[in-house]
Amino acid sequence: MAPRIGIVGAGHCRFGNSSDYDVVDVIAYSVNAAFRDAGGLNLRKEVDQVFVANMAAGLFNRETALASAVISRMDMEPCPAELVENGPASGASAVKLGYMAIASGMADVVLVAGGEVMRSVTGWESTDIVATMAHKEAEYNMGLTLPGFAGMFTRLYMERYGLTERDLALVAVKDHDNAAKNTYAHVQIPVTIDAIADGPNADVVNNYVAEPLRMYSTCPVTDGSAALILVNMDSPKAKLFKKKPIRIAGIASATDTHCVHNRKDPLVLDAVRLSAEKAYTMAGIGPKDISFAELHDAFVIFELIVSEEVGFFERGTSFLAVRKHETDLNGRLPINTSGGLKAKGHPVGATGVSQIFELVRQLRGEAEEGRQVKDPRYGMAVNFGGFGNNVVTTILARD
Amino acid sequence: MAIDELEKKLRPPEVQLAPYPSKVITLASGELMVVRECRREEAGVLLGTVYPLLGVAKDFYDIVAARMYNEILAWFRYRISNEFVLVGSIKGEIAGIVTSRHVDPKLGMSLHTLAIKRGLRVGAQLFASKMEHHIEYLKEDEVWIVAESPIGFKRWMIEYELEDRSAQYPAVRHELGGVPTYALTRKLWDAVKSVKCTGTRPVPPEVLKTASKLTMPNEYVQLPGWKRNA
Numbered sequence: 022m023a024p025r026i027g028i029v030g031a032g033h034c035r036f037g038n039s040s041d042y043d044v045v046d047v048i049a050y051s052v053n054a055a056f057r058d059a060g061g062l063n064l065r066k067e068v069d070q071v072f073v074a075n076m077a078a079g080l081f082n083r084e085t086a087l088a089s090a091v092i093s094r095m096d097m098e099p100c101p102a103e104l105v106e107n108g109p110a111s112g113a114s115a116v117k118l119g120y121m122a123i124a125s126g127m128a129d130v131v132l133v134a135g136g137e138v139m140r141s142v143t144g145w146e147s148t149d150i151v152a153t154m155a156h157k158e159a160e161y162n163m164g165l166t167l168p169g170f171a172g173m174f175t176r177l178y179m180e181r182y183g184l185t186e187r188d189l190a191l192v193a194v195k196d197h198d199n200a201a202k203n204t205y206a207h208v209q210i211p212v213t214i215d216a217i218a219d220g221p222n223a224d225v226v227n228n229y230v231a232e233p234l235r236m237y238s239t240c241p242v243t244d245g246s247a248a249l250i251l252v253n254m255d256s257p258k259a260k261l262f263k264k265k266p267i268r269i270a271g272i273a274s275a276t277d278t279h280c281v282h283n284r285k286d287p288l289v290l291d292a293v294r295l296s297a298e299k300a301y302t303m304a305g306i307g308p309k310d311i312s313f314a315e316l317h318d319a320f321v322i323f324e325l326i327v328s329e330e331v332g333f334f335e336r337g338t339s340f341l342a343v344r345k346h347e348t349d350l351n352g353r354l355p356i357n358t359s360g361g362l363k364a365k366g367h368p369v370g371a372t373g374v375s376q377i378f379e380l381v382r383q384l385r386g387e388a389e390e391g392r393q394v395k396d397p398r399y400g401m402a403v404n405f406g407g408f409g410n411n412v413v414t415t416i417l418a419r420d
Numbered sequence: 744m745a746i747d748e749l750e751k752k753l754r755p756p757e758v759q760l761a762p763y764p765s766k767v768i769t770l771a772s773g774e775l776m777v778v779r780e781c782r783r784e785e786a787g788v789l790l791g792t793v794y795p796l797l798g799v800a801k802d803f804y805d806i807v808a809a810r811m812y813n814e815i816l817a818w819f820r821y822r823i824s825n826e827f828v829l830v831g832s833i834k835g836e837i838a839g840i841v842t843s844r845h846v847d848p849k850l851g852m853s854l855h856t857l858a859i860k861r862g863l864r865v866g867a868q869l870f871a872s873k874m875e876h877h878i879e880y881l882k883e884d885e886v887w888i889v890a891e892s893p894i895g896f897k898r899w900m901i902e903y904e905l906e907d908r909s910a911q912y913p914a915v916r917h918e919l920g921g922v923p924t925y926a927l928t929r930k931l932w933d934a935v936k937s938v939k940c941t942g943t944r945p946v947p948p949e950v951l952k953t954a955s956k957l958t959m960p961n962e963y964v965q966l967p968g969w970k971r972n973a
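Going line by line, the protein sequences match chains E and P. To get the numbering used here, take the position in the first sequence, counting from 1, and add 21. To get the numbering used here, take the position in the second sequence, counting from 1, and add 743.
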């Protein structure tokens, strides 16, 4: 039987533009913060294994082998360290590997850090680099980008279920409201539905990016990092950390076809559903037990479709819940309390770790005033790699 | 006011430019930004707004601020001909400034765009307003434009698909120096104005009144921790 595994340290930097800094320094910032949170920098000597999540520093920054660089920057040699690359799901994949390392008995304490500095290149280059995760022959070489994919996906969903552009804007308004209260968010600016959807200037203020997706339907290009310290709660080392562990109740991943056109129905994200089902089973709970969730909304349509795939809402109905404010901070099931990728930002290699960081803060009751979910028990994070082809679902519990 | 003979010789010839009608834009935050033409007597508050950015190297604020400072000063002291200055303000506080020049009935010379408030596309809206003034109100055939920062190049050259005139150097040479000159033609403007340029006219009197007295920002996101009244 696997030991109980929990998170005892969590660090995060302010997301935004860190292009003046080396990506290793950006990651080291959050690692330092995680150790301070856990009880002090000396605890880094207790770490048995390090996983560093990053998607494309080789392309964004011309830097590779980041795990070795982070170890040296933190003076943690000879601790074993590996880099984890799984597209935008690199972060949660690294947490999953950390969990597996402890569960296997090879480690009692694992440091997981994720980071990306994307604004070192132009927005166009950044979009191109992210698009390299698409199928090379069938998609990337044909000029498809992730915003292009998401635009087509959104159009199909609109035609099938009656979603409107205004519904997309409502998700953005909610996410920006949450981000405006989040110390670590990139875009801490609330937006209004009148300004980005209803008003006379909305078409230009909220211009199309990939019709029907507009600027406020897509995440910004963001730099940043986050770090977590995982511990075997049943080992003597657990007592070295001052924070009460937030338990990893379930963590699982699943994959889907690399080519989107090979799926029977492009609106069905099997990997999201399967990873969530496995995580629920592992945690011994179901969708109704989740108190709040961080869902991978690189495009706001993903927040909607993922919330359906994980069982929060019936297929084709999630936007109706948004209209009724059920997913607001004070709603029945708060979603993307951090502001989500939409407004908190999406530094690809950091995102999965950052989502779990938010679960930890909320479950500890440490979120900012006005952003704290009331008495949460279980938090869920879904980190989405590729166009839904490699997905990790994590469920944390406050015991 | 009497102007002495020597001062008269120093001043460039000027023509009476058509006025730019004020407009109001609802920014994504819901804030109302009034865009209007500046008056010469407002040069002081404009210069005071630009001044703190002279030392901000990031995103080339320093060079844009320094050049804009010069352009506003030259406009105020009658050392540049046919310049106009547009300002975007939110409840009177300056959010951004653009400078430009009418060269002749066919040609406009875009000078600088300075976004002070960030994250709400203030610079993009003010640049579009400047082009609107050149093409729609001053009736010029085209505007010459250069970029001095990557953000400017992306926003203007790429997003507007401006015509690259650098092959015609030195016949086509922007006044700001040797950087490659691009042009916004009336045809290009007609193709993009519906997606780039917005604003509601006339501005309701109560909203216009808020922009009648301009104020300098007390804080700048470009200068973390800096406060004007500290």
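Backbone N, C-alpha and C fix where the C-beta goes; we use that ideal spot for every residue, glycine too.
**Request:** Please state whether DSSP places residue 316 (chain E) in a helix, a strand or coil.
**Result:** Stepping through the first sequence from its first residue, residue 316 (chain E) is reached at position 295. In the structure shown, residue 316 (chain E) sits in a strand (DSSP, three-state: E or B).
**Prompt:** Run through DSSP, which three-state label would residue 175 (chain E) get?
**Reply:** As a working mapping, residue 175 (chain E) is identified with position 154 in the first sequence. Reduced to three states, the DSSP call for residue 175 (chain E) is helix.
**Prompt:** Thinking just about the alpha-carbon of each residue, which of E:267, E:294, E:372, E:210 is nearest to the one in residue 336 (chain E)?
**Reply:** Taking the first sequence and counting its residues from 1, one reaches residue 336 (chain E) at position 315. It is E:294.
**Request:** Could you tell me which of E:204, E:367, E:121 sits nearest to residue 389 (chain E), measuring between CA atoms?
**Result:** As a first step, residue 389 (chain E) must be located in the first sequence, where it is residue number 368. Nearest option by C-alpha distance: E:204.
**Message:** Can you tell me whether residue 277 (chain E) is helix, strand or coil according to DSSP?
**Reply:** Translated into positions along the first sequence, residue 277 (chain E) becomes position 256. Coil at residue 277 (chain E), not helix or strand.
**Request:** Would you mind sorting residue 156 (chain E) into buried or exposed? The rule is 16 or more other CB atoms within 10 Å of its CB.
**Result:** Counting from 1 along the first sequence, the entry for residue 156 (chain E) is found at position 135. Burial call: buried.
**Message:** So within the segment 332-399 of chain E, which uninterrupted beta strand (DSSP E) runs reach at least 3 residues, ignoring any that extend past its ends?
**Reply:** none
**Prompt:** Is it true that the CB of residue 780 (chain P) sits closer than 8 Å to the CB of residue 763 (chain P)?
**Reply:** Here residue 763 (chain P) is taken as the residue at index 20 of the second sequence, counted from 1. Here residue 780 (chain P) is taken as the residue at index 37 of the second sequence, counted from 1. Result yes, Cβ atoms of residue 763 (chain P) and residue 780 (chain P) sit closer than 8 Å.
**Exposure of residue 847 (chain P), with buried meaning 16 or more beta-carbon neighbours within 10 Å** = Locating residue 847 (chain P) in the second sequence gives position 104, where the first residue counts as 1. Counting the other CB atoms within 10 Å of its CB gives residue 847 (chain P) a total below 16, which places it among the exposed residues.
**Prompt:** What do you reckon, are the CB atoms on residue 310 (chain E) and residue 138 (chain E) nearer than 8 Å?
**Reply:** Locating residue 310 (chain E) in the first sequence gives position 289, counting from the first residue. Locating residue 138 (chain E) in the first sequence gives position 117, counting from the first residue. Cβ distance not < 8 Å, so residue 310 (chain E) and residue 138 (chain E) don't count as in contact.
**Asked** Can you tell me where the alpha helix (DSSP H) with residue 322 (chain E) in it begins and where it stops?
**Response** The residue you call residue 322 (chain E) lines up with position 301 of the first sequence. Start and end: 321-330.
**Message:** Within the continuous beta strand (DSSP E) that includes residue 887 (chain P), where are the two ends?
**Reply:** Your numbering for residue 887 (chain P) matches position 144 in the second sequence. Per DSSP, residue 887 (chain P) belongs to the beta strand (DSSP E) from 885-888.
**Prompt:** In chain P, which residues lie less than 7 Å from residue 215 (chain E) when you measure between Cβ atoms?
**Reply:** Position 194 of the first sequence holds residue 215 (chain E). Neighbours of residue 215 (chain E) on chain P, chain order: 769, 773.
**Request:** Tell me where the alpha helix (DSSP H) around residue 930 (chain P) begins and ends.
**Result:** If you number the second sequence from 1, residue 930 (chain P) lands on position 187. First-last of the alpha helix (DSSP H) with residue 930 (chain P): 929-939.
**Asked** Just reading off the beta strand (DSSP E) that residue 852 (chain P) is part of, what are its end residues?
**Response** Working through the second sequence from its first residue, we reach residue 852 (chain P) at position 109. Start and end: 850-858.
**Request:** Output yes if chain E places a C-beta closer than 8 Å to the C-beta of residue 788 (chain P); else output no.
**Result:** One-based indexing of the second sequence puts residue 788 (chain P) at position 45. For residue 788 (chain P), the answer is no, since every Cβ of chain E falls outside 8 Å of its Cβ.
**Message:** Once the 5 residues before and after residue 241 (chain E) are set aside, which same chain residues still bring their CB inside 7 Å of it?
**Reply:** As a working mapping, residue 241 (chain E) is identified with position 220 in the first sequence. So the qualifying residues of the chain are 207, 208, 366.
**Prompt:** By the criterion of Cβ-Cβ separation under 8 Å, what are the contact partners of residue 168 (chain E) in chain P?
**Reply:** Within the first sequence, the letter at position 147 stands for residue 168 (chain E). Per Cβ cutoff of 8 Å: no residues; residue 168 (chain E) is ~15 Å from chain P at best.
**Prompt:** Among all the DSSP beta bridges, which residues are the ones paired with residue 131 (chain E)?
**Reply:** Counted from its first residue, the first sequence places residue 131 (chain E) at position 110. Answer by DSSP bridge pairing, in chain order: E:70, E:251.
**Asked** Measuring CA to CA, which of E:318, E:326, E:87, E:333 is closest to residue 364 (chain E)?
**Response** The residue labelled residue 364 (chain E) in the question sits at position 343 within the first sequence. Ranking the options by Cα distance to residue 364 (chain E), first place goes to E:318.
**Asked** In chain P, which residues lie less than 9 Å from residue 44 (chain E) when you measure between Cβ atoms?
**Response** To locate residue 44 (chain E), count along the first sequence from 1; it is residue 23. Under the 9 Å cutoff, chain P gives no residues; its nearest Cβ is about 18 Å from residue 44 (chain E).
**Item:** Proximity of residue 192 (chain E) and residue 770 (chain P) at Cβ, strictly below 8 Å
**Value:** Here the question's residue 192 (chain E) lines up with position 171 in the first sequence. Here the question's residue 770 (chain P) lines up with position 27 in the second sequence. No, Cβ-Cβ distance for residue 192 (chain E) and residue 770 (chain P) is not below 8 Å.
**Prompt:** DSSP on residue 878 (chain P), reduced to helix/strand/coil?
**Reply:** Your numbering for residue 878 (chain P) matches position 135 in the second sequence. Three-state DSSP puts residue 878 (chain P) in a helix.
**Message:** Strictly by DSSP, which residues pair up with residue 821 (chain P)?
**Reply:** The sequence position of residue 821 (chain P) within the second sequence is 78, counting from 1. Answer by DSSP bridge pairing: none, since residue 821 (chain P) is not bridged.
**Item:** chain C contacts made by the segment 874-897 of chain P, where a contact means CB separation under 8 Å
**Value:** Reference to chain C is not applicable here, since the protein chains of this structure are E and P.
**Request:** Name, going along the chain, the residues of the segment 228-252 of chain E whose beta-carbon falls closer than 7 Å to a beta-carbon of chain P.
**Result:** 228, 237
**Request:** Output, in sequence order along the chain, the residues in the segment 193-221 of chain E whose CB is closer than 7 Å to any CB in chain P.
**Result:** 208, 210, 211, 212, 213, 215, 216, 217, 220, 221
**Message:** Taking the alpha carbon of residue 168 (chain E) as the reference point, which residue from E:147, E:55, E:286 has its own alpha carbon closest?
**Reply:** Position 147 of the first sequence, counted from the start, is the residue given in the question as residue 168 (chain E). Comparing Cα positions, the closest option is E:147.
**Asked** How many whole angstroms separate the CB atoms of residue 368 (chain E) and residue 333 (chain E), which I take to be in contact at a CB cut-off of 8 Å?
**Response** Here residue 368 (chain E) refers to the residue found at position 347 of the first sequence. Here residue 333 (chain E) refers to the residue found at position 312 of the first sequence. Not confirmed; about 26 Å, so no contact.
**Request:** Label residue 123 (chain E) either buried or exposed according to how many other C-beta atoms from any shown protein chain fall within 10 Å of its C-beta, with 16 as the threshold for buried.
**Result:** Looking up residue 123 (chain E) in the first sequence gives position 102. That one is buried.
**Item:** Cut-off 8 Å between Cβ atoms - residues of its own chain near residue 303 (chain E), not counting five sequence neighbours on either side
**Value:** On the first sequence, residue 303 (chain E) is found 282 positions in, with the first residue counted as 1. For residue 303 (chain E), where only same-chain residues beyond five positions count, the Cβ hits under 8 Å are 270, 271, 272, 273, 416.
**Item:** Per-residue contacts from residue 938 (chain P) into chain E (C-beta, under 8 Å)
**Value:** Stepping through the second sequence from its first residue, residue 938 (chain P) is reached at position 195. Near residue 938 (chain P) (Cβ distances below 8 Å), the residues of chain E are 224, 225, 228, 229.
**Request:** With 7 Å as the limit, tell me which residues of the segment 915-931 of chain P have their beta carbon closer than that to any beta carbon of chain E; keep them in chain order.
**Result:** none
**Message:** Less than 8 Å between the C-beta atoms of residue 30 (chain E) and residue 55 (chain E), yes or no?
**Reply:** Working through the first sequence from its first residue, we reach residue 30 (chain E) at position 9. Working through the first sequence from its first residue, we reach residue 55 (chain E) at position 34. Going by C-beta atoms, residue 30 (chain E) is nearer than 8 Å to residue 55 (chain E).
**Request:** Could you round the C-beta distance between residue 394 (chain E) and residue 358 (chain E) to whole angstroms and report it? I think they count as a contact, below 8 Å.
**Result:** To locate residue 394 (chain E), count along the first sequence from 1; it is residue 373. To locate residue 358 (chain E), count along the first sequence from 1; it is residue 337. Right, their Cβ atoms sit about 6 Å apart.
**Asked** List, in order along the chain, the chain E residues whose C-beta lies closer than 8 Å to that of residue 943 (chain P)?
**Response** For the purposes of this step, residue 943 (chain P) is taken as the residue at position 200 of the second sequence. Within chain E, the residues near residue 943 (chain P) are 221, 222.
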